[in-house]
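Reviewing the structure listed below.
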Amino acid sequence: MADQRGSCGGLTGLQKIALGLGIPASAAILYILYCRYREEQEERVPFVGEEEIEAELKVPKEAVKILIGRHGAKVKQLQKDTRARIDVNLEDSSEERLIRICGLPVQVCKAKAAIHQILADSLPVTEKIYVPHQVVGRIIGRGGETVKAMCRSTGAKIHCEREGEGALSLTRLITLSGTRKEVQAAMELIREKLSEDEAFRKKLSQSVLVRSQRKQALGTRREAAAGDQGNLPYLDTEPVCWTPDPGHRRGSGDGHPNYPAGDPQDASGPSSAFEVPSPDFSIHANEHLEVYVSATENPSHFWIQIIGSRALQLDKLTREMTQYYESGDGGMPEAQSVHVGDIVAAFYPDDCSWYRARVLGTLDDGNLDLYFVDFGDNGEAPLEKLRLLRTDFLGLPFQAIECGLASVAPAGERWEEAAVDEFDRLTQCAKWKPLIAKVSSYVPSGSSMWPRIRLYSPTDGQNVDVGEELIRLGYAVRRSQEEDGAPCPFDEGEALSEPLGTLGKPPGTSLENLLSDMQQSPDERLLSPSCPSLSEVASMSEGGDLFLLEENSLTP
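Residue numbers for the sequence shown follow full-length UniProt numbering, beginning at 1 and rising by one.
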């Protein structure tokens, strides 16, 4: 003890101070070094996995081909992007194939995420979309050309549900199937068609605002001028062809008036020398069309216009004709040069516009009896009020299509005036309300086919069958198929290719071309300064199939 005390006591005061400071300083230094060591260890934790690892992944065997790609291009690109090695066991015969992924942990994670994304994008998906009924034709296109192009460009399958028999909904269901990417691309194309139709509807609504909106269309219903209607049963009223026989009335109050001696005779006049293309019915069975009812005599005899780009062209033609003839450029026809069947320009005073009209004969008061070829009704005017029709104004096919209501007959011997008025109200005759028409059967008339159609009026969120409504109100009775006329003479999906050509009618623009706007943009054909020439119409009318809305599958 004495020695120890001696050794400690032998330290000088300075040494004792140094020793007292050195020990805690050393401890502090050691603590700092320890803390730095701990920090370094913590910083090195994320890089502990620098060693390569291997992961396994099982995928459906049908997805392996998608994952590998053409000649292995996709899997090679995947390895390049992730820097991981990917091996696919192609010899496995089970329903799932084993995929081995080797590389650093971060590389393996990236590769697995990329594979999962590829599988998610490649798995088949199905999307459903409801579109307005009138847009289906625009999506399908003539002969299915538009929808086939959609399928080719996107790879998706497009299916339109079949319309139920006797039912007509305001919307149609379209089903898209394929990979997610394919379905999204097809959905985008359909949205474009919806936008095109919306733009077209806006143009159409603006265009019809300038049309005359009243119960009666151009001209008036003149039953008295047509003779005794009581002697003509409703089924025996022969519809008139586009080139009427001498003395044959057409339009409201169709009949057979006796023209006085010296009235115009059939001959080749200035305008009758041209064969103007007119609507015929080269259409599919059960086809749905969007139409206006432009003139009526009764529910068994009325006229429609197809709603489409040609409706806009007709309004454009009316404006051009009015501007031309109001400027005094049109010449006045000479009496000896006017013949039955000639197409002339006629002024309508109620809206101060000029329209195309066909000369039917001479009335008792000396006025010429006129048929407005684009609206379907009659008018009259003295010769000095008519003008020669400029030939390029003949380029647009006549727009009035003669029809009868299918499956109904008058409750009595003939249609009552109240029934006609109710039909006008339901169809908004000459007020340019869009209706849906469905061709049911045909009635032969001379060298043409007169269609009987069902009409549906969109009202309060549903389509009202005009014929059924007339039956419900007691104005009409149901008529059998045998009484209604011949059904569409072709199987479903088969077009009536040449209904008029085989009967001797000169070839012209068919209803297919009247519906060509369904696959055209709204601005198409509206930019030309005038109507197309006759040669252009002839070239446009060659070929082309009508699209079919009742196809069960719309895929190529």
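Positions of the beta carbon are idealized from the N, C-alpha and C atoms, including for glycine. Remember, predicted model here, so these are calculated numbers, not experimental data.
Inset, instruction - Sort Asp377, Ile436 and Asn298 by Cα distance to Trp415 and report the nearest one. - result: As a first step, residue 415 must be located in the sequence shown, where it is residue number 415. Considering only alpha carbons, the answer is Asn298.
Legend entry - Exposure label - Lys202; buried when at least 16 CB within 10 Å: Here residue 202 corresponds to residue number 202 of the sequence shown, with the count starting at 1. Result: exposed.
Legend entry - Cβ-Cβ distance between Ala156 and Ala114 below 9 Å: As a first step, residue 156 must be located in the sequence shown, where it is residue number 156. As a first step, residue 114 must be located in the sequence shown, where it is residue number 114. No; because the gap between Cβ atoms is not below 9 Å, this pair is not in contact.
Inset, instruction - Would you kindly check if the distance between the Cβ of Phe398 and the Cβ of Asp369 is under 9 Å? - result: Locating residue 369 in the sequence shown gives position 369, counting from the first residue. Locating residue 398 in the sequence shown gives position 398, counting from the first residue. It is not a contact, given that the beta carbons lie outside the stated cut-off.
Inset, instruction - Drop a sphere of 10 angstroms on the beta-carbon of Met449, count the other beta-carbons inside from all chains shown, and report buried for 16 or more, exposed for fewer. - result: As a first step, residue 449 is located in the sequence shown; it is residue number 449 there, counting from the start. With 16 or more other Cβ atoms within 10 Å, it is buried.
Inset, instruction - Check whether the Cβ atoms of Arg452 and Ser407 lie closer than 9 Å to each other. - result: Position 452 of the sequence shown, counted from the start, is the residue given in the question as residue 452. Position 407 of the sequence shown, counted from the start, is the residue given in the question as residue 407. Yes, Cβ-Cβ distance for Arg452 and Ser407 is below 9 Å.
Legend entry - Collapsed DSSP secondary structure at Trp354 in the structure displayed: Counting from 1 along the sequence shown, the entry for residue 354 is found at position 354. Reduced to three states, the DSSP call for Trp354 is strand.
Legend entry - Integer Cβ distance of Phe302 from Val293, believed to fall under 8 Å: Residue mapping note: residue 302 aligns to position 302 of the sequence shown, counting from 1. Residue mapping note: residue 293 aligns to position 293 of the sequence shown, counting from 1. Going by Cβ atoms, the distance from Phe302 to Val293 rounds to 6 Å, so yes, they are a contact pair.
Inset, instruction - Go to Gln305, then tell me how far its beta strand (DSSP E) extends in each direction, as first and last residue. - result: What you label residue 305 is simply residue 305 of the sequence shown in a count that begins at 1. Residues His301 to Ile306.
Inset, instruction - Report back the beta-carbon spacing between Ser300 and Gly404 to the nearest angstrom; my notes put them in contact at under 8 Å. - result: Translated into the one-based positions of the sequence shown, residue 300 becomes position 300. Translated into the one-based positions of the sequence shown, residue 404 becomes position 404. Yes, Ser300 and Gly404 are in contact; Cβ-Cβ is about 5 Å, under 8 Å.
Legend entry - Stretch-stretch touch, CB-based, cutoff 8 Å, three pairs: the region 345-356 with the region 384-398: yes
Legend entry - Whole beta strand (DSSP E) elements within the region 349-433, 3-residue minimum: 353-362, 368-372, 378-381, 386-388, 401-405 and 408-410
Legend entry - Under the three-state DSSP convention, the category Arg70 falls into: For the purposes of this step, residue 70 is taken as the residue at position 70 of the sequence shown. Residue state, collapsed to three classes: helix.
Inset, instruction - Using the Cα positions of Leu67 and Glu91, report the straight-line distance between them to the nearest angstrom. - result: Locating residue 67 in the sequence shown gives position 67, counting from the first residue. Locating residue 91 in the sequence shown gives position 91, counting from the first residue. Approximately 16 Å between the Cα atoms of the pair.
Legend entry - Distance, Pro458 Cα to Glu161 Cα: As a working mapping, residue 161 is identified with position 161 in the sequence shown. As a working mapping, residue 458 is identified with position 458 in the sequence shown. The alpha-carbon atoms of Glu161 and Pro458 are separated by roughly 20 Å.
Legend entry - Val420 versus Asp81, Ala84, Lys112 and Gly467, residue with shortest Cα-Cα distance: Numbered from 1 along the sequence shown, position 420 holds the residue referred to as residue 420. Closest option to Val420, Cα to Cα, is Gly467.
Inset, instruction - Could you tell me whether the Cβ atoms of Lys112 and Ile101 are closer together than 9 Å? - result: Position 112 of the sequence shown, counted from the first residue, corresponds to residue 112. Position 101 of the sequence shown, counted from the first residue, corresponds to residue 101. Taking 9 Å as the Cβ cut-off, Lys112 and Ile101 qualify as a contacting pair.
Inset, instruction - Find out if the Cβ-Cβ distance for the pair Ala383, Tyr371 is shorter than 9 Å. - result: The sequence position of residue 383 within the sequence shown is 383, counting from 1. The sequence position of residue 371 within the sequence shown is 371, counting from 1. Per the sequence shown, residue 383 should be read as Leu rather than Ala. No, the pair does not count as a contact, with Cβ atoms beyond the cut-off.
Inset, instruction - Could you give the DSSP three-state label for Asp329: helix, strand or coil? - result: Reading the sequence shown from its first residue, position 329 is the one you call residue 329. The answer is coil: DSSP assigns Asp329 none of H, G, I, E or B.
Legend entry - Beta-carbon gap between Ile304 and Ile190 smaller than 9 Å: Here the question's residue 304 lines up with position 304 in the sequence shown. Here the question's residue 190 lines up with position 190 in the sequence shown. Not closer than 9 Å, so no.
Inset, instruction - Can you tell me the Cβ-Cβ gap for Val108 and Ile23, rounded? I've got them flagged as a contact below 8 Å. - result: Translated into the one-based positions of the sequence shown, residue 108 becomes position 108. Translated into the one-based positions of the sequence shown, residue 23 becomes position 23. 52 Å between Cβ atoms; not a contact.
Inset, instruction - Note down the Cα distance separating Ala411 from Tyr475, rounded to an integer number of angstroms. - result: As a working mapping, residue 411 is identified with position 411 in the sequence shown. As a working mapping, residue 475 is identified with position 475 in the sequence shown. Ala411 and Tyr475: Cα-Cα distance of roughly 6 Å.
Legend entry - Length of the line joining the Cα atoms of Arg138 and Asp315: As a first step, residue 138 must be located in the sequence shown, where it is residue number 138. As a first step, residue 315 must be located in the sequence shown, where it is residue number 315. When rounded, the distance between both Cα atoms is 21 Å.
Legend entry - Collapsed DSSP secondary structure at Leu11 in the structure displayed: Counted from its first residue, the sequence shown places residue 11 at position 11. Leu11 falls in the coil class under three-state DSSP.
Inset, instruction - Output the distance between the C-alpha atoms of Leu396 and Gln313, rounded to the nearest integer angstrom. - result: To locate residue 396, count along the sequence shown from 1; it is residue 396. To locate residue 313, count along the sequence shown from 1; it is residue 313. Cα-Cα distance, rounded: 8 Å.
Legend entry - Contact between the region 420-434 and the region 324-331 (3+ Cβ pairs under 8 Å): no
Inset, instruction - Could you please give the first and the last residue of the uninterrupted alpha helix (DSSP H) stretch that includes Glu207? - result: In the sequence shown, residue 207 corresponds to position 207, counting from 1. According to the sequence shown, residue 207 is Ser rather than Glu. Per DSSP, Ser207 belongs to the alpha helix (DSSP H) from Arg180 to Val208.
Legend entry - Those residues which DSSP pairs with Ile129 across a bridge: Sequence index remark: in the sequence shown, residue 129 carries index 129 (1-based). Ile129 pairs with Ile174.
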